[in-house]
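Taken in order, the sequence shown gives residues 21 to 253; the numbers are from the working numbering.
By construction, the Cβ of each residue, glycine as well, lies at the ideal position given by its N, Cα and C atoms.
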Amino acid sequence: MNIAIILAGGMGTRLGGEIPKQYIQVKSRPVIAYCLDNFMDNEVIDAIQIVADHEWHDLIRQCIEENEFAYKWKGFSRPGSNRQLSIFHGLEDIMTYADAESYVMIHDAARPLVKKEFIKECFAKAKKHDGVMPVLPMKDTVYLSKDGKSVTSLLDREKIFAGQAPEVFRLGTYFDANKALLPNEILSIKGSTEPAVMAGLDIVMIAGDEENFKITTQEDMERFKQKIVVDIM
Numbered sequence: 021m022n023i024a025i026i027l028a029g030g031m032g033t034r035l036g037g038e039i040p041k042q043y044i045q046v047k048s049r050p051v052i053a054y055c056l057d058n059f060m061d062n063e064v065i066d067a068i069q070i071v072a073d074h075e076w077h078d079l080i081r082q083c084i085e086e087n088e089f090a091y092k093w094k095g096f097s098r099p100g101s102n103r104q105l106s107i108f109h110g111l112e113d114i115m116t117y118a119d120a121e122s123y124v125m126i127h128d129a130a131r132p133l134v135k136k137e138f139i140k141e142c143f144a145k146a147k148k149h150d151g152v153m154p155v156l157p158m159k160d161t162v163y164l165s166k167d168g169k170s171v172t173s174l175l176d177r178e179k180i181f182a183g184q185a186p187e188v189f190r191l192g193t194y195f196d197a198n199k200a201l202l203p204n205e206i207l208s209i210k211g212s213t214e215p216a217v218m219a220g221l222d223i224v225m226i227a228g229d230e231e232n233f234k235i236t237t238q239e240d241m242e243r244f245k246q247k248i249v250v251d252i253m
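In structure tokens form, the structure reads like this:
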């Protein structure tokens, strides 16, 4: 069984305003709707779990109900005090209807341009491993600074990669890796793959997609709007 956790509980404060970025309307649809399209209408996805605050549940339901594959949606999970705890809450709910050998994909609603074929590739590459993480190579020269003020050393950019979403993990081992970090250690986790690495799981890297960017700034939002306009035309 392949399940997707869609994280939609973030506040998105860097964009300004009171509406989190994943709920901002673009061409009469919230950003999360564009994201959900690529998961619901995708033959490799069997189930979808959405992490979201209660105040946005009705809006999300509207997005789901307009899709013919609405039956894939299994329910809402409560957001945590950080991203990784939100993921864990989603994992807890998924463990009630999926077996340990299932695979779970972690994705942000604020990455609405994830391609359907890329989702399929991530699941395919995860087979026979504990997980897969898309990465992008570093294009610029990268330096280490221990004090944040002066250069300590030059880093080998051939060995440094930027992690992307969506990541895929074997459900049982990933759940255990996160559970082991409760109650406090999980609050310091910065990336979805970090608990898996800490647990010594077999995580392989695949080439990421630069078009699958996360909407973080106003410039990102404008870039997304332009992409949607082009696709419609």
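Leu191 is the residue among Leu191, Lys179 and Val71 whose C-alpha sits nearest the C-alpha of Ala120. Exposed is the label assigned to Asn204, since fewer than 16 other Cβ atoms lie within 10 Å of its Cβ.
Residue range Asn22 to Leu27 is occupied by the beta strand (DSSP E) that includes Asn22.
In the three-state reduction of the DSSP assignment, Glu141 falls in the helix class.
One alpha carbon belongs to Ser122, the other to His149, and they sit about 12 Å apart. With a 10 Å radius around the Cβ and a threshold of 16 neighbouring Cβ atoms, Lys179 comes out exposed. Bridge partners of Ile223 according to DSSP: Gly151.
Per DSSP, Met158 lies in no beta strand (DSSP E) and is assigned neither H nor E. If you check the CB distance, Lys136 and Asn58 come in under 7 Å.
For Gln184, the closest C-alpha among the options Glu75, Met153, Ile65 and Leu202 is that of Met153. Apart from sequence neighbours up to five positions away, the residues of its chain that approach Phe244 with a beta-carbon distance below 6 Å are Ile235, ordered along the chain. For Ser97, the uninterrupted beta strand (DSSP E) run begins and ends at Trp93 to Ser97, by DSSP. Per DSSP, the unbroken alpha helix (DSSP H) holding His109 starts and ends at Arg103 to Ile114. About 6 Å separates the beta carbon of Ile25 from that of Ile107, a gap short enough to meet the 8 Å contact definition. Going by C-alpha positions, Ile248 is about 11 Å away from Met241. Apart from the 5 residues on each side of it in sequence, Ala197 sits with its Cβ closer than 6 Å to the Cβ of Pro215, Ala216 and Ala219 in its chain, given in chain order.
Inclusion of Phe189 and Gly228 in the CB contact set at 7 Å is not warranted, their separation being larger than that value.
When DSSP states are grouped into helix, strand and coil, Ala182 belongs to the strand group. A distance of 7 Å or more separates the beta carbons of Ser101 and His109.
Judged by DSSP secondary structure, Tyr194 falls within the alpha helix (DSSP H) whose first and last residues are Leu191 to Lys199. Counting other Cβ atoms within 10 Å of its Cβ, Pro157 stays below 16 and is therefore classed as exposed. Counting other Cβ atoms within 10 Å of its Cβ, Val134 reaches 16 or more and is therefore classed as buried.
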